[in-house]
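*Asks:*
Protein chains: 4
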Amino acid sequence: MAIRALVWNEFFHERHNDVVRDLYPDGIHATIAGVLSCEDDIEATTATLPEDEHGLPQARLDATDVLLWWGHKMHRDVDDAIVERVTERVHQGMGLIVLHSGHFSKPFKRLMGTPCSLRWREAGERERLWAVNRSHPIVQGIGPSIELPNAEMYGEPFLVPEPMETVFISWFEGGEVFRSGLTYQRGAGKIFYFRPGHETYPIYQNPDIQRVLINAVRWAYNPVSAWRDVSAAPNVPADKAPERIKPRGGSLHKPGEDGYR
Amino acid sequence: MAIRALVWNEFFHERHNDVVRDLYPDGIHATIAGVLSCEDDIEATTATLPEDEHGLPQARLDATDVLLWWGHKMHRDVDDAIVERVTERVHQGMGLIVLHSGHFSKPFKRLMGTPCSLRWREAGERERLWAVNRSHPIVQGIGPSIELPNAEMYGEPFLVPEPMETVFISWFEGGEVFRSGLTYQRGAGKIFYFRPGHETYPIYQNPDIQRVLINAVRWAYNPVSAWRDVSAAPNVPADKAPERIKPRGGSLHKPGEDGYR
Amino acid sequence: MAIRALVWNEFFHERHNDVVRDLYPDGIHATIAGVLSCEDDIEATTATLPEDEHGLPQARLDATDVLLWWGHKMHRDVDDAIVERVTERVHQGMGLIVLHSGHFSKPFKRLMGTPCSLRWREAGERERLWAVNRSHPIVQGIGPSIELPNAEMYGEPFLVPEPMETVFISWFEGGEVFRSGLTYQRGAGKIFYFRPGHETYPIYQNPDIQRVLINAVRWAYNPVSAWRDVSAAPNVPADKAPERIKPRGGSLHKPGEDGYR
Amino acid sequence: MAIRALVWNEFFHERHNDVVRDLYPDGIHATIAGVLSCEDDIEATTATLPEDEHGLPQARLDATDVLLWWGHKMHRDVDDAIVERVTERVHQGMGLIVLHSGHFSKPFKRLMGTPCSLRWREAGERERLWAVNRSHPIVQGIGPSIELPNAEMYGEPFLVPEPMETVFISWFEGGEVFRSGLTYQRGAGKIFYFRPGHETYPIYQNPDIQRVLINAVRWAYNPVSAWRDVSAAPNVPADKAPERIKPRGGSLHKPGEDGYR
Numbered sequence: 128m129a130i131r132a133l134v135w136n137e138f139f140h141e142r143h144n145d146v147v148r149d150l151y152p153d154g155i156h157a158t159i160a161g162v163l164s165c166e167d168d169i170e171a172t173t174a175t176l177p178e179d180e181h182g183l184p185q186a187r188l189d190a191t192d193v194l195l196w197w198g199h200k201m202h203r204d205v206d207d208a209i210v211e212r213v214t215e216r217v218h219q220g221m222g223l224i225v226l227h228s229g230h231f232s233k234p235f236k237r238l239m240g241t242p243c244s245l246r247w248r249e250a251g252e253r254e255r256l257w258a259v260n261r262s263h264p265i266v267q268g269i270g271p272s273i274e275l276p277n278a279e280m281y282g283e284p285f286l287v288p289e290p291m292e293t294v295f296i297s298w299f300e301g302g303e304v305f306r307s308g309l310t311y312q313r314g315a316g317k318i319f320y321f322r323p324g325h326e327t328y329p330i331y332q333n334p335d336i337q338r339v340l341i342n343a344v345r346w347a348y349n350p351v352s353a354w355r356d357v358s359a360a361p362n363v364p365a366d367k368a369p370e371r372i373k374p375r376g377g378s379l380h381k382p383g384e385d386g387y388r
Numbered sequence: 128m129a130i131r132a133l134v135w136n137e138f139f140h141e142r143h144n145d146v147v148r149d150l151y152p153d154g155i156h157a158t159i160a161g162v163l164s165c166e167d168d169i170e171a172t173t174a175t176l177p178e179d180e181h182g183l184p185q186a187r188l189d190a191t192d193v194l195l196w197w198g199h200k201m202h203r204d205v206d207d208a209i210v211e212r213v214t215e216r217v218h219q220g221m222g223l224i225v226l227h228s229g230h231f232s233k234p235f236k237r238l239m240g241t242p243c244s245l246r247w248r249e250a251g252e253r254e255r256l257w258a259v260n261r262s263h264p265i266v267q268g269i270g271p272s273i274e275l276p277n278a279e280m281y282g283e284p285f286l287v288p289e290p291m292e293t294v295f296i297s298w299f300e301g302g303e304v305f306r307s308g309l310t311y312q313r314g315a316g317k318i319f320y321f322r323p324g325h326e327t328y329p330i331y332q333n334p335d336i337q338r339v340l341i342n343a344v345r346w347a348y349n350p351v352s353a354w355r356d357v358s359a360a361p362n363v364p365a366d367k368a369p370e371r372i373k374p375r376g377g378s379l380h381k382p383g384e385d386g387y388r
Numbered sequence: 128m129a130i131r132a133l134v135w136n137e138f139f140h141e142r143h144n145d146v147v148r149d150l151y152p153d154g155i156h157a158t159i160a161g162v163l164s165c166e167d168d169i170e171a172t173t174a175t176l177p178e179d180e181h182g183l184p185q186a187r188l189d190a191t192d193v194l195l196w197w198g199h200k201m202h203r204d205v206d207d208a209i210v211e212r213v214t215e216r217v218h219q220g221m222g223l224i225v226l227h228s229g230h231f232s233k234p235f236k237r238l239m240g241t242p243c244s245l246r247w248r249e250a251g252e253r254e255r256l257w258a259v260n261r262s263h264p265i266v267q268g269i270g271p272s273i274e275l276p277n278a279e280m281y282g283e284p285f286l287v288p289e290p291m292e293t294v295f296i297s298w299f300e301g302g303e304v305f306r307s308g309l310t311y312q313r314g315a316g317k318i319f320y321f322r323p324g325h326e327t328y329p330i331y332q333n334p335d336i337q338r339v340l341i342n343a344v345r346w347a348y349n350p351v352s353a354w355r356d357v358s359a360a361p362n363v364p365a366d367k368a369p370e371r372i373k374p375r376g377g378s379l380h381k382p383g384e385d386g387y388r
Numbered sequence: 128m129a130i131r132a133l134v135w136n137e138f139f140h141e142r143h144n145d146v147v148r149d150l151y152p153d154g155i156h157a158t159i160a161g162v163l164s165c166e167d168d169i170e171a172t173t174a175t176l177p178e179d180e181h182g183l184p185q186a187r188l189d190a191t192d193v194l195l196w197w198g199h200k201m202h203r204d205v206d207d208a209i210v211e212r213v214t215e216r217v218h219q220g221m222g223l224i225v226l227h228s229g230h231f232s233k234p235f236k237r238l239m240g241t242p243c244s245l246r247w248r249e250a251g252e253r254e255r256l257w258a259v260n261r262s263h264p265i266v267q268g269i270g271p272s273i274e275l276p277n278a279e280m281y282g283e284p285f286l287v288p289e290p291m292e293t294v295f296i297s298w299f300e301g302g303e304v305f306r307s308g309l310t311y312q313r314g315a316g317k318i319f320y321f322r323p324g325h326e327t328y329p330i331y332q333n334p335d336i337q338r339v340l341i342n343a344v345r346w347a348y349n350p351v352s353a354w355r356d357v358s359a360a361p362n363v364p365a366d367k368a369p370e371r372i373k374p375r376g377g378s379l380h381k382p383g384e385d386g387y388r
């Protein structure tokens with residue numbers, strides 16, 4: 128059975144900026160989904176901000192193994208209830224791949240618990256992404272580094288938690304560096320942040336970048352069935368304790384009562 | 128100059144439950160602040176939920192080095208704007224010590240980005256907290272373990288990110304275990320979660336627990352001045368790049384324009 | 128193509144202690160290899176200390192995907208050159224599963240860089256291993272915890288580096304706790320330490336323990352081809368630099384010379 | 128009482144290479160110790176390879192709070208027994224700062240458990256070290272980055288374990304990047320690897336580099352008294368267990384017997 132990948136896009140600049148439209152006439156989501164769909168073990172679909180519930184009703188997310196997230200100008204327009212839904216699904220085991228300007232998206236900031244801020248410059252400069260661990264599944268099929276002739280610069284400090292793994296570090300022509308590929312585990316969900324992707328350059332048409340996206344979908348896929356009650360805090364009554372105990376002392380809760388939250 | 132510690136309490140059960148009132152007639156916050164104030168290098172004050180802005184106006188937080196957080200039944204009543212303010216101050220460098228049922232408090236969940244869920248039982252059973260690293264500053268002055276004759280049980284899985292350091296692991300009479308002392312770094316702020324503290328037992332009157340709280344305040348204190356613009360994402364124009372570059376390629380932003388967020 | 132697992136055993140107590148011989152007449156290695164071999168995707172063989180080169184000549188290790196290590200009384204008898212060979216293969220990508228008393232084995236201490244010390248007691252007491260992350264591949268097919276009626280106790284502090292993931296934490300009847308399942312990444316190799324296994328109890332005949340071992344072999348397997356030159360420190364001459372540079376300043380090395388090590 | 132810092136140097140190139148001698152006539156160790164000694168709270172001494180026991184007898188190490196390690200061409204000449212002594216002291220709580228080519232020193236490789244390999248180029252190119260966390264104690268007193276006009280290049284992949292914190296990442300004129308400041312905790316000891324320092328350039332005369340070294344000594348200092356038995360694995364007999372247990376089942380060890388190692 129194939130990995131069900133869902134590529135989400137705010138789908139704004141492709142409709143309002145000529146440079147971007149020329150590069151991605153059907154939207155960045157369509158380009159990426161097209162790339163993923165060429166793989167036998169991945170089945171990719173898309174959803175966008177303007178759709179009902181941003182194209183992310185609960186049933187759709189429940190049927191998604193890995194979500195890819197593109198957003199930039201419209202972060203604020205993403206509904207908080209849907210952000211909650213997305214993060215809950217990550218906790219349950221859905222993989223999440225956050226692309227480029229998605230560093231400031233609501234789901235990513237929510238999952239990181241940090242500002243996710245950085246420095247930036249849009250000058251079309253050269254970027255070189257170095258693979259820090261050549262044996263990592265995400266970097267297979269590329270060389271020691273990926274070179275992009277034109278890229279927006281993102282510079283450190285990047286205000287995220289210390290990652291589980293640093294996968295890529297970028298060198299920029301203008302003199303900065305950036306941790307461009309980072310992995311996290313949050314609940315049952317695996318998260319990969321991947322920096323490249325500024326929409327005024329043909330980044331997602333670069334074969335190495337496409338290879339990384341395909342690898343990342345496979346890496347982020349957790350085949351274990353969803354951890355549905357990951358957020359529950361069940362009471363274990365004294366008579367169900369693994370060891371026999373004799374309850375004693377004062378108490379706040381009545382027998383059978385739920386905990387507070 | 129002393130470390131400015133602020134002990135926050137929702138201050139509910141001490142006013143509505145006789146067992147708790149007997150143990151903490153002036154509130155848990157008063158007890159803890161009293162303990163901290165005995166130290167020459169700590170200056171402790173308190174704030175509670177019923178106060179205006181929950182006792183946490185911006186100026187108060189700006190003058191706080193380490194915040195201790197107690198909440199249980201009233202998590203939902205904490206205003207989201209104040210949660211935002213607290214987490215922003217943590218990112219800027221304020222230390223945060225989250226106590227017991229504070230695992231479900233809004234600031235902690237926000238900073239962790241995970242459900243922070245767990246299993247629990249209120250049976251007054253015995254707990255023994257083992258120090259995993261005896262050289263850690265937080266465990267100085269206690270023995271290899273702390274024994275509590277009566278405690279509420281918290282059991283794994285505890286849904287938090289993998290910590291920077293595991294400081295304590297608890298053994299419970301009823302057969303469960305729990306990571307009871309965990310450290311995190313988020314932005315410039317240091318965070319310590321410390322499990323013990325159920326309000327129906329005299330936990331905060333235990334000298335070992337008091338010692339850990341004092342140690343934790345010192346550990347969480349970041350003497351560096353606040354990182355005020357930790358959440359800013361400044362543009363670095365091409366002519367200010369560390370290396371000389373010639374801007375090229377398409378662009379989304381006009382010169383001098385702010386980024387999107 | 129199947130995962131090539133190799134179960135190594137010092138094979139001492141099964142030949143010199145009656146209790147152990149009765150439990151594992153052909154040796155612990157034979158029992159574990161038998162369990163693994165029932166899986167279609169695993170092909171398990173064995174090697175022991177008394178064999179030539181401890182049964183671990185270079186060619187054998189080169190043809191091994193995941194090595195399981197059992198040692199206890201004979202750690203000192205393991206040849207340093209072979210320890211070097213094993214750790215180098217881990218760096219190249221071979222998975223390593225270290226069992227129980229293997230915490231003091233030379234390969235594990237070498238890969239951890241810490242004393243790997245702990246407290247212990249041999250009293251046949253009850254142990255309960257709690258899964259800290261129920262969605263982890265290593266804990267699939269078991270319940271929330273594994274209960275062992277008789278086990279040797281290992282107690283914290285366990286002097287290892289902070290792990291990549293804490294997979295299991297043990298509760299002991301006598302009052303201690305222990306981080307019983309820990310993962311590490313070292314070079315291209317994945318390492319899993321798994322505590323249970325004292326040889327005077329039928330631990331490896333427990334179906335849950337067997338399930339964890341099978342899961343761990345699959346988890347530790349890195350399908351990427353071996354990183355053969357993982358320990359090399361190649362010179363990148365100035366004329367092969369990714370960006371054009373003009374060499375300048377003093378130098379220690381003559382052109383083409385190797386670095387020091 | 129001052130922090131007792133000890134600067135160790137193999138002291139070879141300063142005696143055999145004219146460029147290095149001119150920069151460091153009394154040896155790199157003397158220059159660094161001179162810098163540290165200007166601080167009121169640091170008391171710095173030196174030791175070198177040619178001295179008896181490399182200047183590191185047990186008593187000397189026992190009286191050392193933080194050891195700084197410079198080595199390059201003579202790594203192999205460092206006696207294994209002394210390496211063992213140094214790593215044991217780190218586990219007990221001595222801080223360790225490993226400088227530049229010390230990445231291949233025996234103590235560092237031993238403590239990391241990985242090859243510590245990298246790529247390199249000696250072309251006097253420009254390096255810029257970016258502070259990843261501006262609030263970290265090690266980067267206080269410097270700006271967002273440190274610029275070195277001439278440096279040897281070290282490039283990723285750097286084969287070390289994922290660090291506790293990434294403090295610096297370097298940009299190189301020739302197009303590479305490197306994690307130039309990394310922290311680790313091993314046992315009770317704090318370790319900082321700091322990349323700059325090639326001996327043919329006046330790196331240790333740069334005020335920012337000096338500032339980092341001073342900060343790092345303070346950071347690595349663990350004021351807790353040494354954990355003398357950090358490597359011991361004491362038996363906890365059944366009658367000394369925290370909870371009452373009744374010993375049962377087979378056993379390998381006779382009462383009072385030591386464990387195997």
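Residue numbers (the numbering used here), protein chains in the order written: chain A, 128 to 388; chain B, 128 to 388; chain C, 128 to 388; chain D, 128 to 388.
Glycine included, C-beta positions come from ideal geometry on N, C-alpha and C.
(1) Take Arg261 (chain A) and list the residues in its own chain whose beta-carbon comes closer than 8 angstroms to its own, dropping the five residues that flank it on each side.
(2) Nearest CA to the CA of Ala315 (chain A): which residue from C:Pro264, C:Ile372, C:Leu275?
(3) Pull up the distance between the alpha-carbon of Pro284 (chain D) and that of Asp356 (chain C), whole angstroms please.
(4) Using a Cβ cut-off of 8 angstroms, which residues of the stretch 254–267 of chain A contact any Cβ in chain D, in chain order?
(5) If contact means a Cβ-Cβ distance below 7 angstroms, which residues of the stretch 209–224 of chain A contact chain C?
(6) Quick check on the burial criterion: 16 or more other C-beta atoms within 10 angstroms. Buried or exposed for Gln312 (chain B)?
(7) Do Pro369 (chain B) and Glu303 (chain A) count as a contact pair if the criterion is CB distance below 8 angstroms?
(8) Whole-angstrom Cβ separation of Ala190 (chain B) and Arg255 (chain B), contact assumed at under 8 angstroms?
(9) Name, going along the chain, the residues of the stretch 295–311 of chain A whose beta-carbon falls closer than 8 angstroms to a beta-carbon of chain D.
(10) Restricting to Cα atoms, I'd like to know which of D:Leu133, D:Ala129, D:Gly154 is closest to His325 (chain D).
(11) Starting from Arg246 (chain D) and walking both ways along the beta strand (DSSP E), at which residues does that stretch end?
(12) Ignore the nearest five residues each way along the sequence and tell me which others in Gln332 (chain D)'s own chain have a CB closer than 6 angstroms to its CB.
(13) So what's Gln219 (chain C) in DSSP terms, helix, strand or just coil?
(14) Please report the residue range of the alpha helix (DSSP H) in which Arg203 (chain D) lies.
(15) Find the residues of chain A that neighbour Met291 (chain C), judging by a C-beta separation of less than 7 angstroms, and give them in chain order.
(16) Just checking: is the beta-carbon of Phe285 (chain C) within a distance shorter than 8 angstroms of some beta-carbon in chain D?
(17) Cβ of Lys233 (chain B) less than 8 angstroms from any chain A Cβ?
(18) Identify, in the order they occur along the chain, each residue of the same chain with its Cβ nearer than 7 angstroms to the Cβ of Met239 (chain B), setting aside the five sequence neighbours on each side.
(19) Could you tell me whether the Cβ of Thr173 (chain B) comes closer than 8 angstroms to any Cβ of chain A?
(20) Give a single yes or no on whether Asn333 (chain A) has its beta carbon closer than 7 angstroms to a heavy atom of the ligand NAP.
(21) Within the 8 angstroms Cβ cut-off, does Ala368 (chain A) reach chain C?
(22) Kindly indicate if chain C contains any beta-carbon less than 8 angstroms away from that of Leu226 (chain D).
(23) Quick check: the Cα distance between Asp179 (chain C) and Leu379 (chain D), rounded to an integer number of angstroms?
(24) Identify every run of the alpha helix (DSSP H) within the stretch 309–357 of chain A, keeping only runs that are complete inside it and at least 4 residues long; order them along the chain.
(25) Using a 10 Å radius around the Cβ and a threshold of 16 neighbouring Cβ atoms, would you call Glu211 (chain B) buried or exposed?
*Replies:* Looking at the coordinates:
(1) For this step, residue 261 (chain A) is matched to residue 134 along the first sequence. Here Arg261 (chain A) has Pro271 as same chain residues with Cβ atoms under 8 angstroms from its own Cβ, once five neighbours each way along the sequence are excluded.
(2) Working through the first sequence from its first residue, we reach residue 315 (chain A) at position 188. It is C:Pro264.
(3) Mapped onto the fourth sequence, residue 284 (chain D) falls at position 157. Mapped onto the third sequence, residue 356 (chain C) falls at position 229. Using only the alpha carbons, I get a separation of about 12 angstroms.
(4) Arg255, Trp257, Ala258, Val259, Asn260, Arg261
(5) Answer set for the stretch 209–224 of chain A: Gly220.
(6) Taking the second sequence and counting its residues from 1, one reaches residue 312 (chain B) at position 185. Answer is buried; the Cβ neighbour count reaches 16.
(7) Within the first sequence, numbered from 1, the residue matching residue 303 (chain A) stands at position 176. Within the second sequence, numbered from 1, the residue matching residue 369 (chain B) stands at position 242. The criterion of a C-beta distance shorter than 8 angstroms is satisfied by Glu303 (chain A) and Pro369 (chain B).
(8) For the purposes of this step, residue 190 (chain B) is identified with residue 63 of the second sequence, where counting begins at 1. For the purposes of this step, residue 255 (chain B) is identified with residue 128 of the second sequence, where counting begins at 1. Not quite, the Cβ-Cβ distance comes to about 38 angstroms (not below 8 angstroms), so this is no contact.
(9) Ile296, Ser297, Trp298, Phe299, Gly302, Glu303, Val304, Arg306
(10) In the fourth sequence, counting from the first residue as 1, residue 325 (chain D) sits at position 198. Restricting attention to D:Leu133, D:Ala129, D:Gly154, the CA atom closest to the CA of His325 (chain D) is found in D:Gly154.
(11) If you number the fourth sequence from 1, residue 246 (chain D) lands on position 119. Annotation for Arg246 (chain D): the continuous beta strand (DSSP E) segment containing it runs 246–258.
(12) Counted from its first residue, the fourth sequence places residue 332 (chain D) at position 205. Closer than 6 angstroms at Cβ, skipping near neighbours: no residue.
(13) Here the question's residue 219 (chain C) lines up with position 92 in the third sequence. Correct three-state label for Gln219 (chain C): helix.
(14) In the fourth sequence, residue 203 (chain D) corresponds to position 76, counting from 1. From DSSP, Arg203 (chain D) is part of no alpha helix (DSSP H); its letter is neither H nor E.
(15) What you label residue 291 (chain C) is simply residue 164 of the third sequence in a count that begins at 1. Those within 7 angstroms of Met291 (chain C) in chain A are Met291.
(16) Taking the first residue of the third sequence as 1, we reach residue 285 (chain C) at position 158. False, the Cβ-Cβ gap to chain D never drops below 8 angstroms.
(17) Here residue 233 (chain B) corresponds to residue number 106 of the second sequence, with the count starting at 1. Taking Cβ atoms only, chain A never reaches closer than 8 angstroms to Lys233 (chain B), which makes this a no.
(18) Residue 239 (chain B) sits at position 112 when you count from the first residue of the second sequence. These residues qualify, in order along the chain: Val287, Pro288.
(19) As a position in the second sequence, residue 173 (chain B) is number 46, starting the count at 1. It does not: the Cβ of Thr173 (chain B) has no partner Cβ on chain A nearer than 8 angstroms.
(20) The ligand content of the structure shown is nil, which means the ligand NAP is not present either.
(21) Along the first sequence, read from residue 1 onward, the residue named residue 368 (chain A) stands at position 241. Not one chain C Cβ lies under 8 angstroms of Ala368 (chain A).
(22) For the purposes of this step, residue 226 (chain D) is identified with residue 99 of the fourth sequence, where counting begins at 1. So, not an interface residue.
(23) Counting from one through the third sequence, the residue named residue 179 (chain C) turns up at place 52. Counting from one through the fourth sequence, the residue named residue 379 (chain D) turns up at place 252. If I take the Cα positions, the gap works out to 27 angstroms.
(24) 334–347
(25) Taking the second sequence and counting its residues from 1, the one referred to as residue 211 (chain B) is at position 84. When all chains shown are included, Glu211 (chain B) counts as exposed.
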